[in-house]
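Student: One structure is given below, represented as C-alpha coordinates, and several questions about it will come after.
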Amino acid sequence: MKQLYLIVTFLFLSFSYGQDSKGNSGDIDGFKLYPNPATNGRVYISTTLNAPKKVLIFDIFGTKVLETTLLGMELKLDNLDSGVYMLRITEKNKIATRKLIIK
(Lines of atoms letter the chains of each structure in order from A and count residues from 1; the text may use other names and numbers.)
(Lines give C-alpha, C1' and ligand atoms only; values in the text may rest on other atoms or scores of the structure.)
Protein backbone atom coordinates (compact mmCIF):
# COMPACT_ATOMS: atom_id res chain seq x y z
CA MET A 1 0.00 0.00 0.00
CA LYS A 2 2.92 2.33 0.73
CA GLN A 3 4.17 1.75 -2.80
CA LEU A 4 0.82 2.86 -4.23
CA TYR A 5 0.92 6.08 -2.19
CA LEU A 6 4.47 6.67 -3.32
CA ILE A 7 3.53 6.22 -6.99
CA VAL A 8 0.47 8.49 -6.70
CA THR A 9 2.55 11.15 -4.94
CA PHE A 10 5.26 10.94 -7.59
CA LEU A 11 2.74 11.28 -10.42
CA PHE A 12 1.03 14.23 -8.74
CA LEU A 13 4.33 16.03 -8.18
CA SER A 14 5.54 15.39 -11.71
CA PHE A 15 2.30 16.73 -13.23
CA SER A 16 2.20 19.77 -10.95
CA TYR A 17 5.81 20.74 -11.70
CA GLY A 18 5.22 20.16 -15.40
CA GLN A 19 2.56 22.87 -15.54
CA ASP A 20 3.53 26.48 -16.21
CA SER A 21 2.29 28.51 -13.27
CA LYS A 22 3.30 31.85 -14.79
CA GLY A 23 1.04 31.49 -17.81
CA ASN A 24 3.66 32.95 -20.12
CA SER A 25 4.13 30.02 -22.46
CA GLY A 26 1.89 28.46 -25.02
CA ASP A 27 0.91 29.04 -28.56
CA ILE A 28 1.51 32.51 -30.04
CA ASP A 29 -1.64 34.62 -30.37
CA GLY A 30 -2.77 35.13 -33.95
CA PHE A 31 0.01 32.94 -35.40
CA LYS A 32 -0.31 32.47 -39.17
CA LEU A 33 2.13 30.74 -41.52
CA TYR A 34 1.45 31.03 -45.23
CA PRO A 35 1.80 29.73 -47.89
CA ASN A 36 2.35 26.22 -46.67
CA PRO A 37 3.55 24.37 -48.74
CA ALA A 38 6.02 27.03 -49.81
CA THR A 39 6.67 27.08 -53.54
CA ASN A 40 8.42 30.40 -54.16
CA GLY A 41 11.29 30.18 -51.64
CA ARG A 42 9.64 32.31 -48.97
CA VAL A 43 6.91 32.14 -46.33
CA TYR A 44 5.16 34.81 -44.33
CA ILE A 45 4.73 34.62 -40.58
CA SER A 46 2.32 36.95 -38.87
CA THR A 47 1.21 37.26 -35.25
CA THR A 48 -0.96 39.59 -33.26
CA LEU A 49 2.02 41.38 -31.65
CA ASN A 50 4.31 41.41 -34.74
CA ALA A 51 7.29 41.51 -32.37
CA PRO A 52 10.73 40.17 -33.35
CA LYS A 53 10.69 36.38 -33.56
CA LYS A 54 13.40 33.77 -33.16
CA VAL A 55 13.02 31.20 -35.94
CA LEU A 56 14.47 27.70 -35.84
CA ILE A 57 13.99 25.21 -38.66
CA PHE A 58 14.81 21.51 -38.26
CA ASP A 59 14.88 18.77 -40.87
CA ILE A 60 13.16 15.40 -40.34
CA PHE A 61 16.24 14.04 -38.57
CA GLY A 62 16.16 16.83 -35.97
CA THR A 63 19.18 18.66 -37.36
CA LYS A 64 18.96 22.44 -37.15
CA VAL A 65 19.18 23.80 -40.69
CA LEU A 66 18.31 27.45 -40.08
CA GLU A 67 18.38 29.82 -37.12
CA THR A 68 17.51 33.48 -37.53
CA THR A 69 15.66 36.41 -35.99
CA LEU A 70 12.72 37.66 -38.01
CA LEU A 71 11.93 41.36 -37.67
CA GLY A 72 9.24 41.57 -40.37
CA MET A 73 6.93 38.95 -41.80
CA GLU A 74 8.90 37.46 -44.71
CA LEU A 75 11.19 34.48 -44.16
CA LYS A 76 13.39 33.51 -47.11
CA LEU A 77 13.92 29.80 -47.63
CA ASP A 78 15.97 29.86 -50.85
CA ASN A 79 18.83 27.84 -49.35
CA LEU A 80 16.62 24.92 -48.18
CA ASP A 81 15.94 21.86 -50.31
CA SER A 82 12.46 20.58 -51.01
CA GLY A 83 11.09 18.50 -48.16
CA VAL A 84 9.35 18.50 -44.80
CA TYR A 85 10.70 20.60 -41.94
CA MET A 86 9.70 21.56 -38.41
CA LEU A 87 9.43 25.30 -37.79
CA ARG A 88 9.76 26.60 -34.22
CA ILE A 89 8.95 30.26 -33.59
CA THR A 90 9.59 32.04 -30.28
CA GLU A 91 8.01 35.43 -29.62
CA LYS A 92 7.93 37.07 -26.17
CA ASN A 93 8.28 33.77 -24.24
CA LYS A 94 5.58 32.06 -26.32
CA ILE A 95 6.37 29.24 -28.71
CA ALA A 96 4.65 27.87 -31.79
CA THR A 97 5.75 24.74 -33.63
CA ARG A 98 4.46 23.89 -37.09
CA LYS A 99 5.23 21.54 -39.94
CA LEU A 100 6.65 23.36 -42.97
CA ILE A 101 6.61 21.84 -46.44
CA ILE A 102 8.88 23.21 -49.16
CA LYS A 103 8.16 22.18 -52.77
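Residue numbers (this note's numbering): 3 to 105.
For glycine and all other residues, C-beta sits at the position ideal for the given N, C-alpha and C.
Are three or more beta carbon pairs between the segment 26-44 and the segment 61-69 nearer than 8 Å?
Tutor: Touching, no, given that fewer than three Cβ pairs across the two stretches are closer than 8 Å.
Student: Whole angstroms are fine: how far does the CA of Ala40 sit from the CA of Leu58?
Tutor: Roughly 16 Å between the two C-alpha positions.
Student: Helix, strand or coil for Ile30, going by three-state DSSP, please let me know.
Tutor: Reduced to three states, the DSSP call for Ile30 is coil.
Student: Counting only C-beta atoms, is Asp80 closer than 8 Å to chain B at any point?
Tutor: You won't find chain B in this structure, because it holds only one protein chain.
Student: Which residues in the same chain as Asn52 place their Cβ atom closer than 8 Å to its Cβ, once the five residues preceding and following it in sequence are excluded?
Tutor: Cβ within range, chain order: Met75.
Student: Inspect the beta-carbon positions of Ile62 and Val86 and report whether they are closer than 8 Å.
Tutor: Their beta carbons are under 8 Å apart, which means Ile62 touches Val86 by this criterion.
Student: Can we count Lys94 as close to the ligand SAM, meaning its CB is less than 7 Å from some heavy atom?
Tutor: The ligand SAM is absent from the structure shown, which contains no ligands of any kind.
Student: Can you tell me which residues form a DSSP beta bridge with Gly85?
Tutor: Answer is Ile104.
Student: Do you know how far the Cα of Lys56 is from the Cα of Ile104?
Tutor: Going by the C-alpha atoms only, they are around 20 Å apart.
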